[in-house]
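Peer 1: My questions will all concern the structure given below.
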Amino acid sequence: MTEIALDRTDYKIIKALEHNGRASNALIAEQVNLSQSQCLRRIKRLEECGIIRGYRAQIDYEKMGYTVVAWTLVTISKDVPEARDNVTRYLQEQEQAVSVFGVTGDVDLMVEIRAKDMAAFSDFVVKGIYAHEQVVSTKSYIRLDTAKLNGGIIT
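Quick note on my numbering: the sequence shown kicks off at 1 and runs consecutively.
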């Protein structure tokens, strides 16, 4: 992966968009002390090189009734060469699995799960993940509270 060269102004633009993805080009240009055309050119470049991957709303899922957030560590059988790919593909298709990460250490995957309640969470882990024939074990951590969410860019 090639690192893209960024200057301080690029970082300021990224920070402004992280704070408000719906901000107008005029507002961002003013915040970063650029002309609107220069600001737009930089934003387009950041989009084209893949640094800005998209724009999306920040949803409060608890207000929608999804009260359980958990991280489940998954250990996969080493007996089947394609087991990790099979389990990963299965999890990618499950809407309860918000994020799926391959990790180092004594487990294979870390899955972020969102569920309406503990019964729905348990059902997904037991009947979904753990029931997969190539899963050896799972270990889950339930979120108690959120101290920080969506930290910004590190400059």
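Cβ atoms here follow ideal geometry from the backbone N, Cα and C, with glycine treated the same way.
The model shown is predicted, which means the values in this text are computed figures rather than measured ones.
#1: Measuring straight from C-alpha to C-alpha, what distance separates residue 95 and residue 60?
#2: For a quick check, are the C-beta atoms of residue 122 and residue 72 less than 9 Å apart?
#3: Check whether chain C comes within 9 Å of residue 5, counting only Cβ atoms and requiring the distance to be less than that.
#4: If I measure Cβ to Cβ from residue 117 and keep anything under 7 Å in the same chain, skipping five residues before and after, which residues do I get?
#5: Under the rule that 16 or more other beta-carbon atoms within 10 Å means buried, what is residue 126, buried or exposed?
#6: If you draw a straight line from the C-alpha of residue 5 to the C-alpha of residue 11, how long is it?
#7: When the Cα atoms are used, what is the spatial distance from residue 124 to residue 43?
#8: At what residue ranges does the segment 37-115 contain a whole run of the alpha helix (DSSP H), taking only runs of 4 or more?
#9: Are the beta-carbon atoms belonging to residue 107 and residue 75 less than 9 Å from one another?
#10: Who does residue 137 pair with in a DSSP beta bridge?
#11: Would you tell me roughly how many angstroms separate the C-alpha atoms of residue 47 and residue 14, rounded to the nearest one?
#12: Tell me, please, which residues DSSP counts as bridged to residue 28.
#13: Select from 3, 133, 120 and 142 the residue whose C-alpha is nearest the C-alpha of residue 65.
Peer 2: Looking at the coordinates:
#1: Translated into the one-based positions of the sequence shown, residue 95 becomes position 95. Translated into the one-based positions of the sequence shown, residue 60 becomes position 60. So the two alpha carbons sit approximately 16 Å from each other.
#2: As a position in the sequence shown, residue 122 is number 122, starting the count at 1. As a position in the sequence shown, residue 72 is number 72, starting the count at 1. With contacts defined by Cβ atoms closer than 9 Å, residue 122 and residue 72 do not form a contacting pair.
#3: The structure shown contains no chain C, having only a single protein chain.
#4: Numbered from 1 along the sequence shown, position 117 holds the residue referred to as residue 117. Cβ within range, chain order: 67 and 68.
#5: On the sequence shown, residue 126 is found 126 positions in, with the first residue counted as 1. Per the 10 Å Cβ criterion, exposed.
#6: Position 5 of the sequence shown holds residue 5. Position 11 of the sequence shown holds residue 11. Between residue 5 and residue 11, the C-alpha separation is close to 11 Å.
#7: Taking the first residue of the sequence shown as position 1, residue 124 is located at position 124. Taking the first residue of the sequence shown as position 1, residue 43 is located at position 43. Approximately 40 Å between the Cα atoms of the pair.
#8: The segment 37-115 contains these whole alpha helix (DSSP H) runs: 83-92.
#9: Counted from its first residue, the sequence shown places residue 107 at position 107. Counted from its first residue, the sequence shown places residue 75 at position 75. At a Cβ-Cβ threshold of 9 Å, residue 107 and residue 75 count as neighbours.
#10: Within the sequence shown, the letter at position 137 stands for residue 137. According to DSSP, residue 137 bridges with 75.
#11: Position 47 of the sequence shown, counted from the start, is the residue given in the question as residue 47. Position 14 of the sequence shown, counted from the start, is the residue given in the question as residue 14. C-alpha separation (whole angstroms): 11 Å.
#12: The sequence position of residue 28 within the sequence shown is 28, counting from 1. Residue 28 has no beta-bridge partner at all, per DSSP.
#13: Taking the first residue of the sequence shown as 1, we reach residue 65 at position 65. The option with the nearest alpha carbon to residue 65 is 120.
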